[in-house]
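A.B. asks:
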Amino acid sequence: SEFRGGGRRSLGSLTMNLKSIHLNSFFLLFSVNLLDSRTVMGDLGWIAYPKNGWEEIGEVDENYAPIHTYQVCKVMEQNQNNWLLTSWISNEGASRIFIELKFTLRDCNSLPGGLGTCKETFNMYYFESDDEDGRNIKENQYIKIDTIAADESFTELDLGDRVMKLNTEVRDVGPLTKKGFYLAFQDVGACIALVSVRVYYKKCPSVIRNLARFPDTITGADSSQLLEVSGICVNHSVTDEAPKMHCSAEGEWLVPIGKCLCKAGYEEKNNTCQVCRPGFFKASPHSPSCSKCPPHSYTLDEASTSCLCEEHYFRKESDPPTMACTRPPSAPRSAISNVNETSVFLEWIPPADTGGRKDVSYYIACKKCNSHSGLCEACGGHVRYLPQQTGLKNTSVMMVDLLAHTNYTFEIEAVNGVSDQNRGTRQFVSVNVTTNQAGKWIFNLGKCLGWEPEPVRPGADLPLKWVEDQETSYTIIKSKETTITADGLKPGSAYVFQIRARTAAGYGGFSRRFEFETSPVLAASSDQSQIPIIVVSVTVGVILLAVVIGFLLSGSCCDHGCGWASSLRAVAYPSLTWRCGYSKAKQDPEEEKMHFHNGHIKLPGVRTYIDPHTYEDPNQAVHEFAKEIEASCITIERVIGAGEFGEVCSGRLKLQGKREFPVAIKTLKVGYTEKQRRDFLGEASIMGQFDHPNIIHLEGVVTKSRYNLLWTAVLELWLMEELKNDGQFTVIQLVGMLRGIASGMKYLSDMGYVHRDLAARNILINSNLVCKVSDFGLSRVLEDDPEAAYTTRGGKIPIRWTAPEAIAFRKFTSASDVWSYGIVMWEVMSYGERPYWEMTNQDVIKAVEEGYRLPSPMDCPAALYQLMLDCWQKDRNSRPKFDEIVSMLDKLIRNPSSLKTLVNASSRVSNLLVEHSPVGSGAYRSVGEWLEAIKMGRYTEIFMENGYSSMDAVAQVTLEDLRRLGVTLVGHQKKIMNSLQEMKVQLVNGMVPL
């Protein structure tokens, strides 16, 4: 009994010391208590068995809250079996519960006598029950949870030092299948103080995640189990995929799947969906937040899903609601026309106001007007529009097949995606023109000589044409007089005469054929025998002279007949000249006279170019210069381009005794006109005369097959596309390309052929980087650039590539080709940049005339740029010849070090065409628009991702920045840096606000 008292005192001292201990243990964040002995104010209702076993000690802590402590210390007695039973505990649906015990335990070695019956452990049991009547059951019906041992035990010394040894042990039980359970603590001979018992379960608490509400969820029975829980979208939110999360055994939410989105008109804030205010909208649940109404739109309501357009502004059905409302464009500006016989070329400047849209196109309305009544009517379906009448993207169009000498009004209207919604007045610019056409020369010997329908203007060319049937030769004589002398006729030969007139509007048609036959050589001894001949000759001359004089005086055909038969055969000595009213001494000094024999110019020993159009029959020309190929040798694979009258295809050519190789094939469509046939064969006749490694090679023609007409050339690549898309060329490679082009042009120049349209777009290049001059019809089909040509009297001229004298006076020579070659050099060294950028043709003409020249491309060798400037000398006689250009480029190639000296920045600026650049040509509204304009749109996303989202930021980009961004192609680097340099220079000159 004394030991027991000592034991009680020891535990009592321990209990008293607990007053100074904070007993609030750490509660799990996601736990729910089923029992906590520390928080029970009254009797716990636990039962001890036997009654003298476990004892309840009532104490208070430092906050005077009651503490229920159970203790037992019967270490002096053998065979201890003391039980402490809790009251019934509801598990509240949990299938797995946790028991947290806080206790102290006496070290057996510290007890007097070293009792062998002392224990340092106790046991914990549980029993499941659906009600409170199951507590008085037998011991063997309880299920053991675990044997509990102390991590720290105390001794008598500890009591003296008042040092506490408080143990905490946690055990879990599960799975539970009934509504509740009992706990039991068994002492088998230890000295224990059970300070607190807490029973709890874990749960995942209610939470709102991704706008979905997930309820309280009790964890599963398995320690590794994840429970899948479906969430419910909060108010004003929707979902395409049901949101889910998984509740872990530790009470944590894991692995979210799906999400809710605030519906249209609502945005997410603080994990809830809040309504969009007036003036803001949200069109879709997938939009991140409410957006302010775009320009020219509004909304007065809350929860708006779109904004209404202001008056006179519209939105296309396919426009996103985030796009500003737009309006139709204003009328095009500064429309000009050029009339060429019955064709009219119109060119204009885009409207000043595009309505805020980029999808601007143009529509041409054609009206035929009566000059007397002033009434107009639609032109009808016979008028053709090239390239088309509606949906025009370019600012030019050609109308053909108009009526001659007719008044027309053309209305050019700019339209965009919302023009059809506009009910207001149409905005257009109108152009009034009158077509003209050179009249037909009436050479009907039954009537007087005259013009139809109007007389020739003074100074017009009057070609006289005749054919010697025996030798199939012909001569063309051009004169500005209305009479002409035919010299050197052969005796006993038949001649056919035809006359046509040319005015500023172009050539008219040929007159009817007039046949004439000379007599054989006769003796000249008898004067009487010569009298009939002389009479006939004089009569013919007098009649022709009278007719011409009458025509010039009256301007119309006389009413009486001229007394000639429609077919006249006269006899004359070949030594006599057939004169039409003037002597040879009166010929115009500028009269051109060319003699051909069997299709060749009579220049012995020199190979020269022969114009195939001088042949009466184009078939004769094409078969003289081009080889006929059997159609069975050609395989057409696919169409690679299309022109107005035919298609360009790629295919294979297999000639006898040769390997099959790829070729480009040009065909003429069914339904071609005679003029189209002549032009088509003319192209082949021109190409067939050239044989040079730097000139496109014609393999042959097919004119006798199921194909209408067809010719083939070796298939090559286009230099312009290679420059724009590749950009991986060294300077020496570029110089080699330029050398090849110059060599080809030297060959053409030596043959007397003037190209007239030398440009990078008309240069082909093969896999070995050998450049070949093209543009005998083929390249124009594949890349027709309406912007490149400006129509003047006599046809189209590629303004940006053409020498000033050729534009102003149509003086096309090899010197004008040299000017064009300088532009090609600039294109190559700038990797396909457009000459003069976005300047209009009129601005280019004016700037060049005033002495401005294109600046040096970036990193261009000074020697090459100096050669460009030499090619652009205003005086054509000061420009280098092509043989000199080839020699100069050869020297540069042999001495690569001479290419290392580059043009400095100041030189580039001094020659820049800034004063004639259209104002604002570089004022791009966005980085994407700028990159698209210079054909570098592929890099837009890269620029934006790296923070270059404004033109101000882009202006600071360096070459090193481009490499860092991944722009590795040299040509692309130069194109971007060139564009930035031009914008900076324009900024310095006050032209363009960045």
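The sequence shown lines up with residues 48 to 1041 when you count with my numbering.
The beta-carbon is built from N, C-alpha and C at its ideal position, and this holds for glycine as well.
Since the structure is predicted, the reported quantities are computational estimates derived from the model, not experimental observations.
(1) Quick check on the DSSP output: the beta strand (DSSP E) that includes residue 709 runs from which residue to which?
(2) For the pair the region 97-111 and the region 148-162, tell me if three or more CB-CB distances fall below 8 Å.
(3) With 16 other CB atoms within 10 Å as the buried threshold, where does residue 1021 fall?
(4) Helix, strand or coil: how does DSSP classify residue 666 here?
(5) In angstroms, rounded to a whole number, what distance separates the CA positions of residue 1027 and residue 978?
(6) Mind checking who residue 300 pairs with in its DSSP beta bridge?
(7) Alpha carbons only, please: which of 437, 430 and 703 is nearest the one belonging to residue 449?
(8) Could you tell me which residues DSSP puts in a beta bridge with residue 737?
(9) Would you tell me roughly how many angstroms separate the C-alpha atoms of residue 882 and residue 848, rounded to the nearest one?
(10) Mind checking which residues open and close the alpha helix (DSSP H) that includes residue 392?
(11) When the Cα atoms are used, what is the spatial distance from residue 829 to residue 451?
(12) What are the complete beta strand (DSSP E) segments, minimum 3 residues, inside the region 409-493?
(13) For the beta strand (DSSP E) containing residue 546, list its first residue and its last residue.
(14) Can you list, in chain order, the stretches of the beta strand (DSSP E) that have 3 or more residues and sit fully within the region 202-284?
(15) Grouping DSSP H, G and I as helix and E and B as strand, with all else coil, what is residue 1021?
(16) If we call anything under 9 Å between Cβ atoms a contact, is residue 946 one with residue 939?
(17) How close, in whole Å, do the beta carbons of residue 228 and residue 175 come, if the pair is a contact with beta carbons under 8 Å?
(18) Cβ of residue 869 within 8 Å of any heavy atom in the ligand ADP?
(19) Please classify residue 136 as buried or exposed, where buried requires at least 16 other C-beta atoms within 10 Å of its C-beta.
(20) For a quick check, are the C-beta atoms of residue 311 and residue 332 less than 9 Å apart?
(21) Going by C-alpha to C-alpha distance, which of 168, 696 and 133 sits closest to residue 685?
(22) Could you tell me which of 730, 88, 797 and 656 sits nearest to residue 665, measuring between CA atoms?
(23) With which residues is residue 115 paired in a DSSP beta bridge?
(24) By how many angstroms is the C-alpha of residue 933 removed from the C-alpha of residue 1024?
(25) Using CA atoms only, rank isn't needed, just tell me which of 780, 803 and 797 is closest to residue 817.
(26) Considering only the alpha carbon of each residue, which of 926, 872, 169 and 942 lies closest to residue 911?
(27) Is residue 135 helix, strand or coil when you go by DSSP?
(28) Return helix, strand or coil for residue 1060, following the three-state DSSP convention.
(29) In terms of residues, what are the limits of the beta strand (DSSP E) holding residue 387?
(30) If you reduce the DSSP assignment to three classes, tell me which class residue 95 lands in.
(31) Counting Cβ pairs, one atom from each stretch, are 3 or more of them under 8 Å apart for the region 306-324 and the region 251-261?
(32) Taking the beta strand (DSSP E) that residue 176 falls in, what are its first and last residues?
(33) Reducing DSSP to helix, strand and coil, say where residue 883 ends up.
(34) Below 9 Å between beta carbons: does that hold for residue 247 and residue 119?
(35) Use the C-beta contact count for residue 99: other C-beta atoms within 10 angstroms, 16 or more gives buried, fewer gives exposed.
(36) Nearest to residue 1067 by alpha carbon, out of 984, 297, 844 and 993?
C.D. replies: Checking against the coordinates, here is how it stands:
(1) Position 662 of the sequence shown, counting from 1, holds the residue named residue 709. It spans 708-715 - the beta strand (DSSP E) in which residue 709 sits, taken as one unbroken run.
(2) Output reads no: the region 148-162 does not touch the region 97-111.
(3) In the sequence shown, the residue the question calls residue 1021 occupies position 974. Buried, since its Cβ has 16 or more Cβ neighbours within 10 Å.
(4) Taking the first residue of the sequence shown as 1, we reach residue 666 at position 619. DSSP places residue 666 in the helix class (H, G or I) of the three-state scheme.
(5) Along the sequence shown, read from residue 1 onward, the residue named residue 1027 stands at position 980. Along the sequence shown, read from residue 1 onward, the residue named residue 978 stands at position 931. Computed Cα separation, rounded: 11 Å.
(6) By one-based count along the sequence shown, residue 300 stands at place 253. For residue 300, which the question treats as bridged, DSSP gives the partners 294.
(7) Here the question's residue 449 lines up with position 402 in the sequence shown. It is 430.
(8) Here residue 737 is taken as the residue at index 690 of the sequence shown, counted from 1. According to DSSP, residue 737 bridges with nothing at all.
(9) Against the sequence shown, residue 882 aligns to sequence position 835. Against the sequence shown, residue 848 aligns to sequence position 801. Computed Cα separation, rounded: 8 Å.
(10) Along the sequence shown, one-based indexing puts residue 392 at 345. Boundaries around residue 392 are those of the beta strand (DSSP E), 390-396, since no alpha helix (DSSP H) includes it.
(11) For the purposes of this step, residue 829 is taken as the residue at position 782 of the sequence shown. For the purposes of this step, residue 451 is taken as the residue at position 404 of the sequence shown. Low confidence applies to residue 829: its pLDDT is 31, below 50, so where it sits in the model is not reliable, and the reading given next is rough at best. The alpha-carbon atoms of residue 829 and residue 451 are separated by roughly 32 Å.
(12) Counting whole runs of 3 or more residues, the region 409-493 contains the beta strand (DSSP E) stretches 423-425, 431-433, 443-447, 454-462, 475-481 and 487-489.
(13) Residue 546 sits at position 499 when you count from the first residue of the sequence shown. Its beta strand (DSSP E) spans residues 541-546.
(14) Listed in chain order, they are 214-220, 227-234, 238-251, 254-256, 259-261 and 274-277.
(15) Looking up residue 1021 in the sequence shown gives position 974. Residue state, collapsed to three classes: helix.
(16) Here residue 946 corresponds to residue number 899 of the sequence shown, with the count starting at 1. Here residue 939 corresponds to residue number 892 of the sequence shown, with the count starting at 1. Result yes, Cβ atoms of residue 946 and residue 939 sit closer than 9 Å.
(17) Counting from one through the sequence shown, the residue named residue 228 turns up at place 181. Counting from one through the sequence shown, the residue named residue 175 turns up at place 128. Right, their Cβ atoms sit about 5 Å apart.
(18) Summarising the ligand content, the structure contains no ligands, and the ligand ADP is consequently not present.
(19) In the sequence shown, the residue the question calls residue 136 occupies position 89. So residue 136 counts as buried.
(20) The sequence position of residue 311 within the sequence shown is 264, counting from 1. The sequence position of residue 332 within the sequence shown is 285, counting from 1. For the 9 Å CB-CB criterion, residue 311 and residue 332 form a contact.
(21) Position 638 of the sequence shown, counted from the start, is the residue given in the question as residue 685. Closest by alpha carbon: 696.
(22) Residue mapping note: residue 665 aligns to position 618 of the sequence shown, counting from 1. For the residues 730, 88, 797 and 656, the minimum Cα distance to residue 665 belongs to 730.
(23) Taking the first residue of the sequence shown as position 1, residue 115 is located at position 68. Residue 115 pairs with 105.
(24) The count along the sequence shown starts at 1 and reaches residue 1024 at position 977. The count along the sequence shown starts at 1 and reaches residue 933 at position 886. Here the alpha carbon of residue 1024 sits roughly 30 Å from the alpha carbon of residue 933.
(25) For the purposes of this step, residue 817 is identified with residue 770 of the sequence shown, where counting begins at 1. Ranking the options by Cα distance to residue 817, first place goes to 780.
(26) Here residue 911 refers to the residue found at position 864 of the sequence shown. Looking at the Cα atoms, 872 is the closest of the given residues.
(27) For the purposes of this step, residue 135 is taken as the residue at position 88 of the sequence shown. It is coil, neither helix nor strand.
(28) Outside the shown range of the chain, which is 48 to 1041, sits residue 1060, and nothing can be said about it.
(29) Position 340 of the sequence shown, counted from the first residue, corresponds to residue 387. Run containing residue 387: 380-387, per the beta strand (DSSP E) assignment.
(30) Looking up residue 95 in the sequence shown gives position 48. Correct three-state label for residue 95: strand.
(31) Taking 8 Å as the limit for Cβ pairs, the verdict is that the region 251-261 does touch the region 306-324.
(32) The residue given as residue 176 occupies position 129 in the sequence shown. That run of the beta strand (DSSP E) goes 168-176.
(33) Position 836 of the sequence shown, counted from the first residue, corresponds to residue 883. Here residue 883 carries a coil assignment [DSSP, helix/strand/coil].
(34) Here residue 247 refers to the residue found at position 200 when the sequence shown is read from its first residue. Here residue 119 refers to the residue found at position 72 when the sequence shown is read from its first residue. The Cβ atoms of residue 247 and residue 119 lie no closer than 9 Å to each other.
(35) By one-based count along the sequence shown, residue 99 stands at place 52. With fewer than 16 Cβ atoms within 10 Å of its Cβ, residue 99 is classed as exposed.
(36) Nothing about residue 1067 can be read from this structure; the chain reaches only from 48 to 1041.
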